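Only one structure is covered here, and it is reproduced in the block below.
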Amino acid sequence: MAKVVVKKFGSAKVGVRDTAVTQKRVRDAGTGQFLTVRTIDAQSKTLGKDLSYVFSKNVAKARRENKAVTGVLDRAPIED
Numbered sequence: 001m002a003k004v005v006v007k008k009f010g011s012a013k014v015g016v017r018d019t020a021v022t023q024k025r026v027r028d029a030g031t032g033q034f035l036t037v038r039t040i041d042a043q044s045k046t047l048g049k050d051l052s053y054v055f056s057k058n059v060a061k062a063r064r065e066n067k068a069v070t071g072v073l074d075r076a077p078i079e080d
């Protein structure tokens, strides 16, 4: 049986200032709602940090959406 270990990756939080990620707010053509679009420079020296930052932002958004739908952060909604 495998042992499950839960811990945070790294001790320092990665912020947008530490990365080469650009962020824009654009309007969705279909719904008219604003979206945040993050782009990563592939030639950046901090590509690993950039990917980690964008991934963590995407996970945080998904968790907020799940909390709004199900009331629980870590459970995906059941689709019909």
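Numbering follows the UniProt record's numbering, with no gaps: position 56 of the sequence shown is 56. Beta carbons: idealized from backbone N, C-alpha and C, even for Gly. All values derive from a computational prediction rather than experimental measurement.
- With a beta-carbon spacing of about 6 Å, T36 and R25 fall inside the 8 Å limit used to define contacts.
- Annotation for D50: T19, A20, V21, I40, D41 and S44 place their beta carbon closer than 8 Å to its own, counting only its chain and skipping 5 residues before and after.
- One alpha carbon belongs to T70, the other to A62, and they sit about 12 Å apart.
- Between N66 and V72, the beta carbon gap of about 7 Å places them in contact (Cβ cut-off 8 Å).
- Membership of K49 in the alpha helix (DSSP H) is indicated by the continuous run L47 to T70.
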